[in-house]
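A.B. asks: Residues 7 to 459 (the numbering used here) are what the sequence shown spells out, left to right.
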Amino acid sequence: MQKRGKPILITLASLIATSTLLYGCSNSQPAAGGGDKSGSSKEKVEITWLVRTDPNMIDWEKDMISGFQQANSNITIKLEQIPQAEIDQRLTTMISSGKVPDVWSANWANSGFATYNKMGALLDLTPYVKKDADKMATINKDIMNIYNINGKILGIPMLAIGSFMFYNKDLFDKAGVPYPPTSWDDKSWTYDKMLDTAKKLTHDVGNADKQVFGVLNSMSPNLQSWGFGGDFFKADAYKTAVMGDPTASSNPANKEAIQFNVDLIQKYKVAPNQTTLDAVSAIGDPFLTGKVAMVVNGGWGFWSYQSAKFKWGVAPIPYHDGRKVPLFVDPWNISAKSKHPAESWEFIKYLVDPKGGGKTFMEKTSATPADTSLADLWYKQIADKVGLKVEDVKGLNEGAIKNGREADNHLIDKFAVISTTIGQTITGVWNGQKSVDDGLQEIDKNLRSLNMK
7 MQKRGKPILI TLASLIATST LLYGCSNSQP AAGGGDKSGS SKEKVEITWL VRTDPNMIDW
67 EKDMISGFQQ ANSNITIKLE QIPQAEIDQR LTTMISSGKV PDVWSANWAN SGFATYNKMG
127 ALLDLTPYVK KDADKMATIN KDIMNIYNIN GKILGIPMLA IGSFMFYNKD LFDKAGVPYP
187 PTSWDDKSWT YDKMLDTAKK LTHDVGNADK QVFGVLNSMS PNLQSWGFGG DFFKADAYKT
247 AVMGDPTASS NPANKEAIQF NVDLIQKYKV APNQTTLDAV SAIGDPFLTG KVAMVVNGGW
307 GFWSYQSAKF KWGVAPIPYH DGRKVPLFVD PWNISAKSKH PAESWEFIKY LVDPKGGGKT
367 FMEKTSATPA DTSLADLWYK QIADKVGLKV EDVKGLNEGA IKNGREADNH LIDKFAVIST
427 TIGQTITGVW NGQKSVDDGL QEIDKNLRSL NMK
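1. If we ignore side chains and look at the alpha-carbon of each, how far apart do Lys-330 and Ala-413 end up?
2. Counting only the same chain and skipping the five closest in sequence on each side, list residues whose C-beta sits under 8 Å from that of Glu-67.
3. Skipping 5 residues on each side, what residues in its chain have a beta carbon closer than 6 Å to that of Ile-149?
4. Could you check the C-alpha separation between Ala-243 and Phe-316 for me, to the nearest Å?
5. Quick check on DSSP: helix, strand or coil for His-346?
6. Our contact map puts Leu-380 next to Lys-365 with C-beta atoms below 8 Å; I'd like the distance itself, whole angstroms only.
7. Can you tell which of His-416, Val-183, Gln-76 has the C-alpha that lies nearest to the C-alpha of Val-248?
8. Could you give the DSSP three-state label for Leu-165: helix, strand or coil?
9. Using 10 angstroms around the beta-carbon of Thr-196, count the other beta-carbons present and answer buried if the total reaches 16, otherwise exposed.
10. Between which two residues does the beta strand (DSSP E) harbouring Asn-303 extend?
11. Count Cβ pairs between the stretch 418-435 and the stretch 170-190 that sit closer than 8 Å; are there 3 or more?
12. Quick one: complete beta strand (DSSP E) runs, 3+ long, within the stretch 172-225?
13. Does Arg-1 come out as helix, strand or coil in the three-state DSSP assignment?
14. Rounding to the nearest angstrom, what Cα-Cα distance links Glu-448 and Asn-267 in this structure?
15. Going by DSSP in three states, Ile-289 sits in which element: helix, strand or coil?
16. Considering only residues of the same chain and omitting the five flanking positions on each side of Pro-324, which have a CB-CB separation below 8 Å?
17. Name, in chain order, the residues that DSSP records as bridge partners for Leu-128.
18. Quick one: grab the DSSP three-state call for Cys-31.
19. Where do the N-terminal and C-terminal ends of the alpha helix (DSSP H) with Arg-232 fall, by residue?
20. Asp-269 to Val-298, Cα distance in whole Å?
21. Using beta-carbon positions only, say whether Val-276 and Lys-180 come within less than 8 Å of one another.
22. Taking the alpha-carbon positions, what's the Ile-354 to Val-51 distance?
23. Just to confirm, are Leu-294 and Tyr-311 a CB contact at a threshold of 8 Å?
24. Drop a sphere of 10 angstroms on the beta-carbon of Ile-289, count the other beta-carbons inside from all chains shown, and report buried for 16 or more, exposed for fewer.
25. For Pro-187 and Thr-98, I'd like the C-alpha separation in whole angstroms.
26. Return yes when the Cβ of Ser-425 is within less than 8 Å of the Cβ of Ser-226, no when it is not.
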């Protein structure tokens, strides 16, 4: 699952180089599906499964390939691993040449679903979903509808990750500060309350060995604005996938959000500036180093923070009128030019099966499942691993879904270019070289120059 919305200060290191693995088959059981859209066939076929390079996922991927091929002796799965930073370029080349992967996730690139849908790269799965409606029945309907565009189902959700505030319990205990609430309905947990808490947790700033910062917001500027009821784009942009005229400088909630986060860094010094964060990040994830008491991040923190050498907890993102938080929903897709769509569909069904691939994917990754039948198992799994109460994990996740909306880079075309354009200006705003007003006006101007109509 992608860690979307490029963090405002953290640059992720490149992943491992590309590798291609091929797993054979020898079982002679009946085939799962046909070799064309109209029917089934038992001819020998090979389908390509493209994934992001991730050492933590390779065992699950091998298990999926082995199990599926044992049940479908006529289908060979070719696994192709590509580092996330390379997927956009490689996929564009594949699509233009017609040598496309059969099964992949459009949100595992730095662009997203909207970009590849606009390219006509995604197969309409509606006939398959209707045929196997019982197999999709337990997937959250609202989550499923994200990829229903103009009556066409273009992806099958495998996970649905919310956004949260993660915090270091040891630092809270040491400072004698009460933990944040776990309920999204607790309106006392405001941004001002978060700031007050961050002040009490921040100390020894400037002393590299002892300094602790109260808070870090790792979300992109636009997603920070969502938390204050703002948005850099009009509502239609998320429906049409066309950016249109931006609203970065015209929406007052954007200024409130960005100014607040600038003040965390420049005025109150409870959040690290770029230079400090670069130094901290050089030795590891800022939260895991124990140098940051609270961090706003995607729900991948539930598993990426499990290696922490301190106790940690989870809270809602602070309350504000109009608050929305990003959801990161990843689908499995089939390429529109796949030569074997029926077999590819059979493989997707195998990957999302809540009694099979969907369940083991959740167990391996700790990712929040899109399938509601796995919810209780996930709540208990996370509660056991993190040391939280099951009811708190449930409430936190349900609140994130209730207050959430799908991430911007999934729904707006060519968002990698948009994100880069915003980043070229926002750095100067974070470090105090540009005022918030000037920065937002410059962002609007530069985005309009992209002419993404």
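Every residue, glycine too, gets a C-beta built ideally from N, C-alpha and C.
C.D. replies: Judging by the given coordinates:
1. If I take the Cα positions, the gap works out to 10 Å.
2. Take Glu-67, set aside five residues on each side of it, and the residues of its chain with a beta-carbon closer than 8 Å to its own are Trp-55, Val-57, Leu-85, in chain order.
3. Within the same chain, Ile-149 has close Cβ partners Pro-163, Ala-166, Val-335, Ala-376.
4. When rounded, the separation of the alpha-carbon atoms in Ala-243 and Phe-316 is 42 Å.
5. Note: His-346 maps to coil in three-state DSSP.
6. Indeed they touch by this definition, with Cβ atoms about 6 Å apart.
7. When C-alpha distances from Val-248 are compared across His-416, Val-183, Gln-76, the shortest belongs to His-416.
8. Correct three-state label for Leu-165: strand.
9. Taking a 10 Å sphere around the C-beta of Thr-196, we find fewer than 16 other C-beta atoms and assign the residue as exposed.
10. For Asn-303, the uninterrupted beta strand (DSSP E) run begins and ends at 298-304, by DSSP.
11. Cβ pair count under 8 Å is below three, so no.
12. Counting only runs of 3+ residues, the beta strand (DSSP E) found wholly inside the stretch 172-225 occupies 219-223, in chain order.
13. Past the boundaries of the shown model lies residue 1; the chain is included only from 7 to 459, so the question cannot be answered.
14. Roughly 18 Å separates the two Cα atoms.
15. Ile-289 falls in the coil class under three-state DSSP.
16. Result list for Pro-324: Met-171, Trp-195, Thr-196, Tyr-197, Lys-199, Met-200, Gly-233, in chain order.
17. Per DSSP, Ser-341.
18. In this prediction, Cys-31 scores a pLDDT of 34, lower than 50, which makes its location untrustworthy; no coordinate-derived value is stated.
19. Note that residue 232 is Trp in the sequence shown, not Arg. DSSP places Trp-232 inside the alpha helix (DSSP H), whose first and last residues are 227-232.
20. The alpha-carbon atoms of Asp-269 and Val-298 are separated by roughly 17 Å.
21. Contact flag unset, no.
22. Approximately 16 Å between the Cα atoms of the pair.
23. If you check the CB distance, Leu-294 and Tyr-311 come in under 8 Å.
24. With fewer than 16 other Cβ atoms within 10 Å, it is exposed.
25. Between Pro-187 and Thr-98, the C-alpha separation is close to 45 Å.
26. Their beta carbons are under 8 Å apart, which means Ser-226 touches Ser-425 by this criterion.
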